[in-house]
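Residue numbers (my numbering): 7 to 489.
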């Protein structure tokens, strides 16, 4: 949890370069225009899709498209970089060394916001926790709004003049954020993702953990042992003075005693009850979200909201009503006794493993006794699929694979001992759904959780998930017409 040395205040009086003409870049342009700050645009694409709108809605000093040019960029002492563009490149490193302020939209938001902020990061579960907190807060009478990496860009949230801002933050956004002060913040979990952008998992984790810088309440998942240890060390070394609130699948009393952490602790009892200390809050049967990973998401939301001291019964009522988000273990339909679930948001191995665990907890079933048929594959982003391969060998009945890196998943599963004849390779979503349906028997479920990004075949995970749902419903229609 190292502090950044780049802690300068943004100056609205000097020309600024916005790099990236996507939704984040346009959000920055709207805000700078509102503050009468002169700005220019740059985008690595020759013809960005937003180019026409930019020329219509703004009067930028200049628009630079195509390959980035350091000589042109050097003319600007402030650069706002969109999260999809790596600031670790030689270009931005050189500019920063020359004294240029390199920030993202979240840092600009941090420098102007004057209301409490709750911040959430993690490899998986961010959107669920973010939207759940928004619902709970609103149902408790708080004028709250969520955004950031999810939905509305952070700077656009400011026009709502809300009492509470809830930000989902990606590691890319945290890389360019230095001064965000939060009421509470959490790293939900860390698993391999974006390894094409980071040196290794420790590098990725370090960026995630920077969310704890400048927070009043660090909400920590005790099951994430490395992050938990880093938080303890930061306190012991005097680097941080935040309050700590814990959540976990089960309480490790030895750790608490040894670390003298007598704080609020949220946990799960026998996968049946969510508790705070010894007090039962809610039974899992009353929660629409299913799976231990989702129960942890609920605990995280309650822990993040604890500093606001909201009405407990109203919070629990909101939790019972929350249905979750599309493309996250979303029930699609039931066909011939087989249930189909869409988890297209499962873009990394950690998400897919969590989804599998949510449906199938037994590891000692023989292959023919298992009930989950997995559809996976896509762009692996240099991830290590070894752990997923082990889970497939232990818990998956059959696996249908498609996409550019699907063979890597199969190899890891075979190395773990999975049977070769339990794998089916396909080339399209229609073929994947029909193959899974042919394999499945009544009582089975088909889980579409790719463990990969979508951009080898789709624009994004939403398009991919919508296609899966469309093909499932089309299959149901075909079977109905044939009967």
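The beta-carbon is built from N, C-alpha and C at its ideal position, and this holds for glycine as well.
(message) Looking at the strands, I want to know which residues DSSP matches up with residue 153.
(response) As a first step, residue 153 must be located in the chain shown, where it is residue number 147. Residue 153 pairs with 173.
(message) Just list the residues that DSSP pairs residue 339 with in beta bridges.
(response) Translated into the one-based positions of the chain shown, residue 339 becomes position 333. The partner list for residue 339 (beta bridge, DSSP) reads 346.
(message) So if DSSP puts residue 249 in a beta bridge, which residue, or which two residues, is it bridged to?
(response) If you number the chain shown from 1, residue 249 lands on position 243. In the DSSP output, where bridge partners are listed per residue, residue 249 has 223.
(message) Within the continuous beta strand (DSSP E) that includes residue 430, where are the two ends?
(response) By 1-based counting over the chain shown, the position of residue 430 is 424. It spans 429-431 - the beta strand (DSSP E) in which residue 430 sits, taken as one unbroken run.
(request) Tell me, please, which residues DSSP counts as bridged to residue 107. (result) Position 101 of the chain shown, counted from the first residue, corresponds to residue 107. Answer by DSSP bridge pairing, in chain order: 84.
(request) Kindly indicate which residue of 398, 69, 154 has the alpha-carbon position closest to the one of residue 52. (result) The residue you call residue 52 lines up with position 46 of the chain shown. Comparing Cα-Cα distances from residue 52 to each of 398, 69, 154, the minimum goes to 69.
(request) Label residue 113 either buried or exposed according to how many other C-beta atoms from any shown protein chain fall within 10 Å of its C-beta, with 16 as the threshold for buried. (result) What you label residue 113 is simply residue 107 of the chain shown in a count that begins at 1. Buried is the call here.
(message) From the DSSP secondary-structure annotation, give me the bridge partner or partners of residue 379.
(response) One-based indexing of the chain shown puts residue 379 at position 373. Answer is 404, 452.
(request) To the nearest angstrom, report how far apart residue 60 and residue 72 are at their CA atoms. (result) Position 54 of the chain shown, counted from the start, is the residue given in the question as residue 60. Position 66 of the chain shown, counted from the start, is the residue given in the question as residue 72. If you draw a straight line from the Cα of residue 60 to the Cα of residue 72, it comes to about 16 angstroms.
(message) In the DSSP output, what is residue 49 paired with across the bridge?
(response) Here residue 49 refers to the residue found at position 43 of the chain shown. Residue 49 is bridged to 71.
(request) Could you tell me the boundaries of the alpha helix (DSSP H) in which residue 468 lies? (result) Here the question's residue 468 lines up with position 462 in the chain shown. Run containing residue 468: 467-488, per the alpha helix (DSSP H) assignment.
(request) State the start and end residues of the unbroken alpha helix (DSSP H) segment that holds residue 235. (result) Walking along the chain shown from the start, residue 235 turns up at place 229. Taken as a continuous stretch (DSSP letters only), the alpha helix (DSSP H) holding residue 235 covers 231-242.
(request) Evaluate residue 130 with the Cβ neighbour count: other Cβ atoms within 10 Å of its Cβ, from every protein chain shown; 16 or more gives buried, anything less gives exposed. (result) As a position in the chain shown, residue 130 is number 124, starting the count at 1. Counting Cβ neighbours within 10 Å, residue 130 comes out buried, since at least 16 surround it.
(message) Considering just the uninterrupted stretch of the beta strand (DSSP E) at residue 126, what are its terminal residues?
(response) Your numbering for residue 126 matches position 120 in the chain shown. 123-127 is the extent of the beta strand (DSSP E) around residue 126.
(request) Report the option in 17, 388, 218 whose CA atom is closest to the CA atom of residue 412. (result) In the chain shown, the residue the question calls residue 412 occupies position 406. The residue with the shortest Cα to Cα distance from residue 412 is 388.
(message) Our contact map puts residue 449 next to residue 377 with C-beta atoms below 8 angstroms; I'd like the distance itself, whole angstroms only.
(response) Within the chain shown, residue 449 is the residue found at index 443, counting from 1. Within the chain shown, residue 377 is the residue found at index 371, counting from 1. Right, the Cβ-Cβ distance comes to about 6 angstroms (below 8 angstroms), so this counts as a contact.
(message) My assumption, with CB atoms under 8 angstroms, is that residue 334 sits in contact with residue 373. Please give the rounded CB distance.
(response) On the chain shown, position 328 is the one that residue 334 refers to. On the chain shown, position 367 is the one that residue 373 refers to. Wrong, their Cβ atoms sit about 27 angstroms apart, outside the cutoff.
(message) Just to confirm my understanding: we take residue 483, look at its own chain, exclude 5 residues before and 5 after, and list those with CB closer than 7 angstroms. What are they?
(response) In the chain shown, counting from the first residue as 1, residue 483 sits at position 477. Nothing listed; no residue qualifies.
(request) Give me the Cα-Cα distance between residue 368 and residue 401, rounded to the nearest whole angstrom. (result) Reading the chain shown from its first residue, position 362 is the one you call residue 368. Reading the chain shown from its first residue, position 395 is the one you call residue 401. Confidence at residue 368 is low in this model, with a pLDDT of 48, below 50, so its placement is unreliable and the value that follows should be read with caution. Distance between the alpha carbons of residue 368 and residue 401 is about 7 angstroms.
(request) Report yes if the C-beta distance between residue 241 and residue 191 is below 8 angstroms; otherwise report no. (result) What you label residue 241 is simply residue 235 of the chain shown in a count that begins at 1. What you label residue 191 is simply residue 185 of the chain shown in a count that begins at 1. Their beta carbons are not under 8 angstroms apart, which means residue 241 does not touch residue 191 by this criterion.
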